[in-house]
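A.B. asks: Structure incoming, see below.
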Amino acid sequence: MRISGFDGIYRSPDIDTSKEIHNVALLLARISSRLKSLTISGDLLEPKEFLRIAWPNLLQFTLADHPTIPFIPITQLVTHMPMLRSLSALHTTDFTKNPRPPFTFGIHSGPFLTETCPHLTSVSLSNFGISDPLFLQLVPNSLDELHLMAIRDSYKRGQRRPDRRDRITTPLNIDDAIALVGILPQFDRLQKLTIILDYILMQPEFVVALASKFRHLTSLHLIQTLERAVYHIPLIDDRNPEMIDALRLFPSLHELKITLDDLNNPCRGVPNQAAYQLFRCLPKLQTVGMVWKVSAHEEADFWNYWHRSMLLDPEPEPLPEYFEYIRGRS
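Taking this note's numbering, the leading residue of the sequence shown gets 5, the next gets one more, and so forth.
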């Protein structure tokens, strides 16, 4: 079941939001015992009412959009979800009420996730801080998937949106991320890892740090954020042997996904040769996915995927060199 919020950040002033939230709580109380999946906007959830509801069969819970008012750590909201397997807390910045990242999803005192949700296998978090107590409550031997992201509101066309480079919306930089990896326990069972945090570059030292804690990954999704005009992109315009060596530290890696967040440069085409070289250098790799983000509109993103079978064909041509491409457009 999905109870969605509204597009953008502004609503008509004549909406009775208190009654709206109350009606949502009544609906959930009636059907909670039968639900197996629930995605709900934080704008439509009243914490006190929600905490009175039992969820004996719920397997998947996603809290999206803005944080609840008042803010309640996610570890408290899931206290009555004993069968939960997938938990997502995907909060965005609420510029109308000023709850700003980093958000704190866990608390130092109980109840802990290990007690309330012992069957968790997948956790997704957004806009968090490296000191969040929740990270120490994750069970390394049971978690299969971990997704850590920086996300923003979905705006209607024409609505003023904050700068995508605004650090208020993306609290972690590369140093913070490496520090966070150092805090995390060893995840021997984890299969899928997503780290999509602004200002995180695909730097070899960061990937090496990941390999020290997530060695048995089969799927890895990283971002390369280009903060200024960059004319030579590692892994796209060259082999980048240091990065290749770092990726080799994942002996079971079958899928690699790369997001190129690049608002300062034009997309020079589909990086077919880059995917070809990755397959050639990483024998276990089966799938490569890349998206080149060149627009502030998330809906403009377009993914390209390649399978290892492309090695049966001749090596594709490289992308045009940056200045050559610019001259060709003029």
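A virtual CB, placed ideally from N, CA and C, is assigned to each residue, including glycine.
(1) Where does GLN290 fall in DSSP's three states?
(2) Using 10 angstroms around the beta-carbon of ILE172, count the other beta-carbons present and answer buried if the total reaches 16, otherwise exposed.
(3) Are there 16 or more other CB atoms within 10 angstroms of the CB of ILE262, so buried, or fewer, so exposed?
(4) Pick from SER256, PHE132, ALA279, PRO137: whose alpha carbon is nearest that of PRO318?
(5) Which first and last residues belong to the alpha helix (DSSP H) in which ALA215 is found?
(6) List, from N- to C-terminal side, the beta strand (DSSP E) runs of 3 residues or more that fit wholly inside the region 16-53.
(7) Quick check: the Cα distance between GLN281 and GLU325, rounded to an integer number of angstroms?
(8) The alpha helix (DSSP H) spanning ASN276 covers which residue range?
(9) Using a Cβ-Cβ cutoff of less than 8 Å, which residues in the same chain neighbour GLY162 once the five nearest sequence positions on both sides are dropped?
(10) Can you name, in chain order, every residue of its own chain whose Cβ lies under 6 Å from the Cβ of LEU315, other than the five neighbours on each side?
(11) Quick check on DSSP: helix, strand or coil for VAL295?
(12) Can you tell me which of the three DSSP states GLN195 falls into?
(13) Among PHE254, ASP249, LEU62, TRP307, which one has its Cα closest to the Cα of CYS271?
(14) Can you tell me the Cβ-Cβ gap for PRO137 and PRO189, rounded? I've got them flagged as a contact below 8 Å.
(15) Give me, in chain order, the residues of the same chain whose beta-carbon lies closer than 8 Å to that of VAL212; leave out the 5 immediate sequence neighbours on both sides.
(16) Classify ASN27 as buried or exposed, calling it buried when 16 or more other Cβ atoms lie within 10 Å of its own Cβ.
(17) When DSSP labels each residue in this structure, what does SER313 get in the three-state scheme?
C.D. replies: Here's the rundown:
(1) Secondary structure at GLN290: coil, using DSSP grouped into helix, strand and coil.
(2) Confidence in ILE172 is poor, its pLDDT being 49 and thus under 50, which makes the residue's placement unreliable; the coordinate value appears in the next sentence. Result: exposed.
(3) The residue in question, ILE262, is buried, as its Cβ has 16 or more Cβ neighbours within 10 Å.
(4) Ranking SER256, PHE132, ALA279, PRO137 by Cα distance to PRO318 puts ALA279 first.
(5) Residues 208-217.
(6) For the region 16-53, whole beta strand (DSSP E) runs of length 3 or above, ordered along the chain, are 41-45.
(7) About 17 Å.
(8) For ASN276, the uninterrupted alpha helix (DSSP H) run begins and ends at 276-285, by DSSP.
(9) Any reading at GLY162 is ruled out, since the residue's pLDDT is 46, under 50, leaving its predicted position unreliable.
(10) Sequence-distant Cβ neighbours of LEU315 in its own chain, meaning closer than 6 Å and more than five residues away, are PHE283.
(11) In the structure shown, VAL295 sits in a strand (DSSP, three-state: E or B).
(12) Reduced to three states, the DSSP call for GLN195 is coil.
(13) Ranking the options by Cα distance to CYS271, first place goes to TRP307.
(14) Wrong, their Cβ atoms sit about 14 Å apart, outside the cutoff.
(15) Hits under 8 Å: ALA250, LEU253.
(16) It is exposed - the Cβ of ASN27 has fewer than 16 other Cβ atoms within 10 Å.
(17) In this structure, SER313 counts as helix in the three-state DSSP scheme.
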